[in-house]
């Protein structure tokens with residue numbers, strides 16, 4: 001395995017009542033803490049659809065609940081749950097194939113005050129960036145979201161996605177390159193369109 | 194990553210803008226409700242609790258006690274009625290469960306079709322409900338088949354079964370298990386069934402995660418006790434039947450992996466096999482069982498191929514499936530007891546290298562790659578009625594926007610060239626398989642709407658079936 005979070009790999013063990021207590025506590029944290037927000041937003045970015053994101057987050061939570069006995073260290077629930085969510089989103093992408101363009105209606109950049117010296121330019125840049133993110137492949141968007149939305153390190157992304165760190169770096173490189181190319185092209189042609 | 198921190202800030206800013214919405218209260222409620230719907234790791238699951246229903250802890254506890262008592266009473270005994278031996282007009286073929294999505298029965302000579310003028314379980318003058326949605330399909334001959342579907346009920350979506358004796362041209366409603374229908378057995382906490390398989394015109398099972406059986410052609414259904422297979426809460430993930438024997442794959446709340454069990458199709462004396470598959474490292478396991486005659490293959494995929502087992506000479510052995518070191522998932526299909534194909538998504542968890550097809554002509558002992566690569570970005574279902582025809586349902590290659598769409602492609606020359614035979618829209622696929630060399634089925638689902646599609650020309654064209 002090339003998994004930096006190998007210690008999180010599920011090891012089925014006999015279930016006892018104390019596991020139920022740990023599971024209940026982990027779920028209380030999930031529901032009441034920021035983890036659910038992060039999970040829902042991750043799913044929204046990956047699936048491009050609020051309803052699909054809600055279902056994916058729920059399914060991941062359900063899978064985590066049912067398979068909690070496989071989590072060796074309950075203190076690492078967040079990372080373990082994150083891995084489940086990544087896989088649920090991948091599964092859903094494969095089976096639902098929601099067009100990434102459905103993010104189109106989700107973005108409402110215009111109603112937010114834009115900081116910076118030139119609000120109009122700032123708005124345009126963010127809007128272009130959002131479109132560029134939508135245009136990334138699933139694998140590229142996955143590393144971009146994990147890196148720049150969840151602020152995970154390369155090793156953490158590797159652990160969460162099952163890819164090698166070198167692969168993660170490569171995907172990040174090409175994803176950023178694609179984002180820059182897309183936003184540059186839009187900036188160059190923007191005024192005329 | 195980049196030498197331009199401002200550019201990275203732009204990326205972060207755009208991502209934040211795309212995620213300004215708060216978590217929907219409905220999602221919070223649904224997640225919050227999970228413990229209530231599945232109260233304990235060690236308690237029994239209760240059927241008929243639809244997704245919109247919340248169990249009370251007291252009810253769950255009472256039913257758990259009842260179930261445990263039942264298990265103790267029934268352990269070691271047959272839990273179902275013993276039916277007469279099924280018709281044996283189809284020796285040596287896997288006519289049984291149409292197989293989809295995992296097995297592809299051999300061709301069936303028309304003369305082998307049982308002659309049936311009236312089915313004992315048909316419910317006279319009872320039409321299928323208007324909101325009938327097919328979920329799973331199984332044929333035991335070119336003409337006789339069943340579809341498990343659902344209709345709205347107080348518990349959510351309740352099971353309804355449609356039966357045809359004329360290859361899907363007309364359907365009648367027969368009795369169904371008194372349970373709900375789940376879309377995904379792996380994630381079901383409320384019990385219910387998701388898949389239907391018949392071994393012959395009398396013996397069938399509705400499963401996933403619960404297990405119901407009939408041995409009178411669907412006139413009556415009963416739940417099956419699997420205490421002899423594993424301890425704890427046992428969920429059935431796959432079940433196929435052929436050549437007079439049914440096989441299932443199950444996981445229990447107290448086991449360390451997947452158990453295999455088998456029974457003569459005419460009764461439910463399920464006995465565990467000596468082989469069992471340890472759960473893999475990934476967080477979302479999936480198993481696929483393929484049976485052809487007296488041969489069979491079981492593969493566990495959890496992001497990538499984990500392990501497997503092979504049925505040979507009536508005995509299950511541990512088996513290293515194809516693509517076990519390819520850092521990606523695989524899907525199997527077989528056209529007879531020695532011909533097996535595997536569609537592997539190579540390197541999806543390392544360096545993506547696309548879909549590749551492998552074929553074995555020695556029952557899975559070894560595989561050789563077919564060329565060229567399959568023009569898909571992911572395969573969900575594979576079926577092969579013979580060595581030449583291969584049908585794959587999956588994702589199209591990425592377009593210029595990085596998006597893919599569901600497609601069904603087929604090769605009629607053993608995997609050398611491919612043709613798109615169906616673009617069904619934004620759907621999921623299940624139960625893709627062939628009953629004969631030319632007749633096949635699949636179910637597509639889009640949201641809450643699903644359709645049964647059939648081909649009668651070997652996979653070249655597919656048409657929706659009207660119920």
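Residue numbers (our numbering), protein chains in the order written: chain L, 1 to 193; chain B, 194 to 660.
Heads up, the beta-carbon is just placed ideally off N, CA and C, and yes, glycines get one too.
- As DSSP reads the structure, residue 509 of chain B sits in a beta bridge with B/504.
- The residue from B/331, B/589, B/516 and B/575 with its alpha-carbon nearest to that of residue 619 of chain B is B/589.
- The shortest CA-to-CA distance from residue 128 of chain L to any of B/628, B/200 and B/375 is the one to B/200.
- Burial is judged here by how many other beta carbons sit within 10 angstroms of a residue's own beta carbon; residue 486 of chain B has at least 16 and is buried.
- Within the same chain, Cβ atoms closer than 7 angstroms to the Cβ of residue 515 of chain B are found at 523, 535, 537, 551 and 560, the five residues on either side in sequence being excluded.
- Among the CB atoms of chain B, none fall inside 7 angstroms of the CB of residue 82 of chain L.
- In this chain, the beta strand (DSSP E) harbouring residue 391 of chain B covers 388-391.
- Below the 8 angstroms Cβ cutoff, chain L contributes no neighbours of residue 198 of chain B, its closest Cβ being approximately 12 angstroms away.
- Residues of chain B whose Cβ lies closer than 7 angstroms to the Cβ of residue 153 of chain L do not exist, since the nearest Cβ in that chain is about 11 angstroms away.
- Shown here for residue 541 of chain B: same chain residues with a beta carbon closer than 6 angstroms to its own, the five before and five after excluded, namely 521 in chain order.
- Contacts between residue 88 of chain L and chain B, judged by CB atoms closer than 8 angstroms, involve 477 in chain order.
- For residue 208 of chain B, the enclosing alpha helix (DSSP H) begins and ends at 198-211.
- Those residues of the stretch 203-219 of chain B placed with their C-beta closer than 8 angstroms to a C-beta in chain L are 203, 204, 205, 206, 207, 208, 209, 210, 211, 212, 213, 214, 215, 216, 217 and 219, ordered along the chain.
- When the beta-carbon positions are compared, residue 427 of chain B and residue 406 of chain B stay at least 7 angstroms from each other.
- In the three-state scheme derived from DSSP, where H, G and I count as helix and E and B as strand, residue 538 of chain B is classed as strand.
- Counting along the chain, residue 573 of chain B sits inside the beta strand (DSSP E) bounded by residues 571-576.
- Around the beta carbon of residue 219 of chain B, a 10 Å sphere encloses fewer than 16 other beta carbons of the protein chains shown; the residue is thus reported as exposed.
- Going by DSSP, residue 152 of chain L is part of no alpha helix (DSSP H) at all; its letter is neither H nor E.
- Residue 494 of chain B and residue 415 of chain B have their C-alpha atoms roughly 31 angstroms apart.
- What residue 135 of chain L touches in chain B, judged by beta-carbon distance under 7 angstroms, is 594 and 595, going in chain order.
- If you draw a straight line from the Cα of residue 464 of chain B to the Cα of residue 570 of chain B, it is about 39 angstroms long.
- Ranked by Cα distance from residue 628 of chain B, the first of B/363, B/566 and B/435 is B/435.
- Per DSSP, residue 615 of chain B lies in no alpha helix (DSSP H); the unbroken beta strand (DSSP E) holding it starts and ends at 612-615.
- Within 10 angstroms of the beta-carbon of residue 51 of chain L lie fewer than 16 other beta-carbons, which makes it exposed.
- Among the residues facing chain B, residue 158 of chain L is not included, as its CB has no counterpart in that chain under 7 angstroms away.
- Bounds of any beta strand (DSSP E) do not take in residue 57 of chain L; it lies within the alpha helix (DSSP H) bounded by 50-66.
- A distance below 7 angstroms separates the beta carbons of residue 492 of chain B and residue 481 of chain B.
- Close CB contacts of residue 82 of chain L within its chain, under the 7 angstroms cut and outside five residues either way in sequence, are with 160 (chain order).
- Taking C-beta atoms as the reference points, residue 61 of chain L and residue 602 of chain B fail to come closer than 7 angstroms.
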